Amino acid sequence: MSTAGKYCVLLFLLKSILSDSATSNQVVLLDTTAVLGELDWKTYPVNGWDAITEMDEQNRPIHTFQVCHVMEPNQNNWLRSGWIQRQAAQRVYVEMRFTLRDCNSIPWVSGTCKETFNLFYLQTNEPLPAATRFRPSDYSKVDTIAADESFTQTDLGDRVLRLNTEVREVGPVTQNGFYLAFQDVGACIALVSVKVFYKRCPSTLRNLASFPDTVPHMDSSSLVEVRGACVENAEERDTPKLYCGADGDWLVPLGHCICSIGHEEMDGFCGACNPGFFKAIAGNTKCSKCPLHSSSHDQAGTLCHCDKGFYRALKDPTTMACTRPPSAPRNLVSLINDTALFLRWMPPSDLGGRKDITYNVLCQRCDGSDGDGMTQCEACEPDLRFIPRALGLTGTSVAILDFASHTNYTFHVEAMNGVSGLVLSARLLTNVTVNTQQAGSGPALVGIINKDWSTQDSIALSWSEMEQPPSEIVEYEVKYYEKEQEQLSYSSTRTKSTSVVVTGLRPSTVYVFHVRARTAAGYTAYSSNFEFETAADDPDIADQGQVLVMVTASVGGFSLLVILTLFLLITGRCQGYIKARMKSEEKRRTRLHSEHVPFSGIKTYVDPDTYEDPTQAVEEFAKEIVPSYICIERVIGAGEFGEVCSGYLRIPGRMDISVAIKTLKGGYMDQHRRDFLREASIMGQFNNPNIIRLEGVVTNSRPVMIVVEYMENGALDSFLRTRDGQFTVLQLVGMLRGIAVGMTYLSDMGYVHRDLAARNILVDENLVCKVSDFGMSRVLEDDSEAAYTTTGGKIPIRWTAPEAIAYGKFSSASDIWSYGIVMWEVMSYGERPYWEMSNQDVILSIDEGYRLPAPMGCPVTLHQLMLHCWQKEWSQRPRFNEVLSFLDKLTINPSSLLTLVNDVQSYSHSPEELPDYPLFISIGDWLDSIKMSQYKNNFLAGGYTTLDSISTMSIEDIRRIGVCLIGHQRRIISSIQSLRLQLHHIQQSGFQV
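Those letters in the sequence shown? Residues -24 to -1, 1 to 969, per mature numbering (1 follows the signal peptide of the UniProt record, and there is no 0), in order.
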């Protein structure tokens, strides 16, 4: 063996090489550091790779392979592994740990030493027979492996280990197993260990649902949706789902399970409630301790039963303590005056543990005793009135009216609560007996009451005295109240005659009257009730009042007019001065407004970065959405800040809206949150059918979300790639027109996108294209010729204008350049611009004048428009409104799209030789481009208003419209000749300018 080979062997005799343990999301198919016996790997030729096995301190073998034939040219040494079963793997990873010597540190090996080796693999359903001949052509190459660090002669002396670890993906693996092969082409290398594994999302518990081991799909961009199963004693609410990512990580848990009744969540499972605890409803809440005066004796209790003597009403929640009926009311007393009897009492000393206490007042009338000496009682008369009522009282007092005099009444008061009806013996009463003798001295002395007359606010009453009253009548008391508002309060008046006029009444109102007399012995009983109504409003009087008001108003108005006239005469000069000042101020405001609003009729974009607190911009331009209104259905991708999901927005009173939800993943910094919401504060300012619509944001809870309209067909580039050749040219032009409409809107608002590309255009189910992704966008200055200077960040080179790449100057003109690239992407059905050229090659090629050729089947007119968008001088590029106007002409005249670039070979000039005049510029723009703008009025006055009209002009026509200088005549006629050539070729394609 060579000296270099011996050095390599010495280096790998170190005992510190041990394999790292596999991570939880890796399933190891082979690990050479864990194989206790021989590896049984094959070498071709036999003297190529050397196998060395040493034992470590734990008496475990360390298998290494080395090769170092650097002195001999044309090396081709192969090392093949044993057959490896793939198990459930679809994609396999190979981790190689190796060391490699620097060829410069080995003398006399110039031209023969290499510093790389190659990795191959071969799939088979069964192990190959031992006698099978090794054929390198059967193996597929995975990659060429190079070292990040190599060792030298000095490292050998210092015994420094420079270990490299490289991981490569192998697959897709579709057969039962495979072999690995390592090819050496002349390197000094030692393969320390090889680990083969595949990634999986390990079984897990999330939201009380279990998810099995899951292997990712072959396609690294797609996620595997896995449905979970609720754990024992749990039930499904929203279908629990997880998504398995390509790296073996679980993403975005959706849906959840909840613990059933009688069970609570314990470390990811649902455990039974202990005795003395209960849980009556399913959910992820804890078991509750039994309420007062109740208990449960078994596990998984769903209800605590009331103790003896305690009850729970039907409407009582299970979490409420058990209660009992109240005791009897206390201290019942009565008070009687001339007209009313009052009862008052105190609440029970024991409320039974409840607050829903009510009282019932029961009445009996006892007039005397029977022959056996027993008091005879009967129910009180029905016209006895209780104020406010007799049953269901919430207060502790009641007034009784219209009782009979000289009568014994017994009143019983009982207290009730919500459980009183559950106990038959629950009625606990307190009573009082009242004699109404003091309420009146004798029977009523007034009979019928008559109404003599009435007005709107008064009634005249009269009545007759009894012919022989028991004693002299001192006066009469008249009591009255409104019938519709009968209550304890009333009004009364006294008179010594048998008539009275009651005043202060309301019009068209029924009043109740009754009268009693006062004698030397006291008041008698009241007469029966009589009802009388006051008169209605008099319209004649009302009309007179209105006339009076009108006359007064007229006189007052005339007086005011006279005063104002005198005032204006006196202050006329002051008014003139004030008007002059107002006009001046209005002009100043108009001038300032025009400076700050560069585009008439369209609002100006406000940059969120100008806010001292960026959250203010979000609050101003984005609507906050209640999180419960958002229903997430599935994950559709991953963004810069988190996952992107699809779902529905269900706002009460509105139809469900399909939306896309961008989420901010956990563990974010404040800056991440501001950057994430910045896009929402931008989108919230736009309202255009070709701009993605912001529905709102969720900022007051987690996760933070941006909710936008859902675009069924996704990004334009991938949409076109999957439908290559399926659309007509006119349909593609329609897509381009939609993008132009959106960009015209943004440009008119004074806004630069900076990242216009087909990947940032979204397509809905009706093929409507909408501009999206405003993460890199910036505001334009008020000056329409100004540009934004970037302060860092990545620039999409293939879509970016030269001045933006070189100087960081972004403008609407740079967006026009990007729009031209988008046109090329659309017409090529999503092909990558500049193909496999590196970014540096793209920059150099553009600077040298290279432009993308027309895609196959692209009309001449569209490629010409692309070339105009890619003018090196930004001032010569068209504006978005001009592009939109040009595309409208194409859709009106589809025949102009028939001539394809592939057919232009027959023209006398190629498209690249056509002059640099956009076909859709105005006469003024054309004269500006040739520095002859002073003749605009001359051309317009002569009737030349279109490019088509000037293409026929001769030198005499130019002199006739007033161009006298010979040098100016020559410049104009030369430009017209170039323009005429361009129009000739375009008109041959069927398009009329």
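Yeah, the Cβ is synthetic: ideal placement off N, Cα and C, and Gly gets one too. Quick caveat: nothing in here was measured; it's all calculated off a predicted structure.
Worksheet item: What residue from 81, 191, 247 has the CA that sits closest to residue 223's CA?
Response: In this structure, 191 is the residue among 81, 191, 247 with its C-alpha nearest to the C-alpha of residue 223.
Item to complete: Just confirm the distance between the C-beta atoms of residue 39 and residue 29, as a whole number of angstroms; I'd bet it's less than 8 Å.
Response: 6 Å
Practice prompt. For residue 101, I'd like the list of residues in its chain whose CB is within less than 8 Å of its CB, leaving aside the five on either flank, ordered along the chain.
Written response: 151, 152, 153
Worksheet item: Mind checking residue 783: buried by the 16 CB within 10 Å criterion, or exposed?
Response: Under this definition residue 783 is an exposed residue.
Practice prompt. Just list the beta strand (DSSP E) runs in the stretch 663 to 696, keeping only unbroken ones of 3 residues or longer that don't cross its boundaries, in chain order.
Written response: 670 to 674, 681 to 685
Practice prompt. Quick one: give me the first and last residue of the beta strand (DSSP E) that residue 429 is part of.
Written response: 425 to 430
Item to complete: Go ahead and label residue 273 buried or exposed: buried means 16 or more other beta carbons lie within 10 angstroms of its beta carbon, across all protein chains shown.
Response: exposed
Discussion item. So, for residue 607: in the same chain, excluding its five sequence neighbours on each side, which residues have a beta-carbon less than 7 Å away from its beta-carbon?
Written reply: Exclusion of the five residues before and after residue 607 leaves 623, 624, 626 as the residues of its chain whose Cβ lies within less than 7 Å of its Cβ.
Worksheet item: Residue range of the alpha helix (DSSP H) that residue 591 falls in?
Response: 590 to 597
Discussion item. I'd like the span of the beta strand (DSSP E) that includes residue 226, first residue to last.
Written reply: 226 to 235
Practice prompt. State yes or no: is the C-beta of residue 318 within less than 8 Å of the C-beta of residue 299?
Written response: no
Discussion item. Could you pull the DSSP bridge partners for residue 435 from this structure?
Written reply: 430, 478
Worksheet entry | Given residue 694 as reference, the closest of 663, 634, 801 once Cα atoms are compared | 801
Fill in: Contact under 8 Å by Cβ, residue 926 with residue 899
yes
Item to complete: Work out the CA separation of residue 181 and residue 220 for me, nearest whole Å.
Response: Each residue's alpha carbon lies about 14 Å from the other.
Discussion item. Pairs of beta-carbons, one from the stretch 665 to 685 and one from the stretch 736 to 753, closer than 8 Å: are there three or more?
Written reply: Contact holds: three or more Cβ-Cβ distances are below 8 Å.
Worksheet item: Between residue 95 and residue 809, what straight-line distance do the alpha-carbon atoms span, to the nearest angstrom?
Response: 32 Å
Worksheet entry | Short Cβ contact (8 Å threshold) for residue 492 with residue 453 | At the C-beta level, residue 492 and residue 453 come within 8 Å of one another.
Discussion item. Taking only three categories from DSSP, how would you classify residue 711?
Written reply: In the three-state reduction of the DSSP assignment, residue 711 falls in the helix class.
Worksheet item: If residue 598 sits next to residue 718, beta carbons under 8 Å apart, how far is it from one beta carbon to the other, in whole angstroms?
Response: Not quite, the Cβ-Cβ distance comes to about 19 Å (not below 8 Å), so this is no contact.
Worksheet entry | Proximity test, residue 377 beta-carbon vs the ligand FAD heavy atom, cut-off 7 Å | This structure simply doesn't include the ligand FAD, nor any ligand for that matter.
Practice prompt. Go ahead and label residue 472 buried or exposed: buried means 16 or more other beta carbons lie within 10 angstroms of its beta carbon, across all protein chains shown.
Written response: exposed
Worksheet entry | beta strand (DSSP E) runs contained entirely in the stretch 705 to 749, provided each spans 3 or more residues | 737 to 739, 745 to 747
Worksheet item: Is residue 13 helix, strand or coil by DSSP?
Response: coil
Item to complete: Decide if residue 240 is buried, meaning its Cβ has at least 16 other Cβ atoms within 10 Å, or exposed.
Response: Buried is the call here.
Item to complete: Let me know the secondary structure DSSP gives residue 7 once reduced to three states.
Response: In this structure, residue 7 counts as strand in the three-state DSSP scheme.
Worksheet item: So what does residue 147 bridge to, in DSSP terms?
Response: In the DSSP output, where bridge partners are listed per residue, residue 147 has none listed.
Worksheet item: Whose CA, out of 243, 280, 258, lies closest to the CA of residue 1026?
Response: Here the chain comprises residues numbered -24 to 969, so residue 1026 is not present and cannot be evaluated.
Discussion item. Taking 8 Å as the threshold (C-beta atoms), are residue 458 and residue 485 in contact?
Written reply: yes
Discussion item. What does the alpha-carbon distance come out to for the pair residue -7 and residue 681?
Written reply: Here the model assigns residue -7 a pLDDT of 43, short of 50, so the residue's position is not dependable, and the following value carries that caveat. Their backbone Cα atoms lie some 45 Å apart in a straight line.
Practice prompt. Express the C-alpha separation of residue 255 and residue 242 in angstroms, rounding to a whole number.
Written response: Spanning the two alpha carbons is a distance of roughly 14 Å.
Worksheet item: Taking DSSP as the reference, what is the three-state secondary structure of residue 390?
Response: strand
Worksheet item: Cβ of residue 740 within 8 Å of Cβ of residue 824?
Response: No, Cβ-Cβ distance for residue 740 and residue 824 is not below 8 Å.
Worksheet entry | In chain order, each beta strand (DSSP E) run of at least 3 residues that lies wholly inside the stretch 64 to 110 | 68 to 76, 92 to 100
Worksheet item: Between residue 276 and chain D, is there a C-beta pair that is closer than 8 Å?
Response: Chain labels in this structure do not include chain D; a single protein chain is all it has.
Worksheet entry | Check whether residue 771 and residue 780 have beta carbons under 8 Å apart | yes
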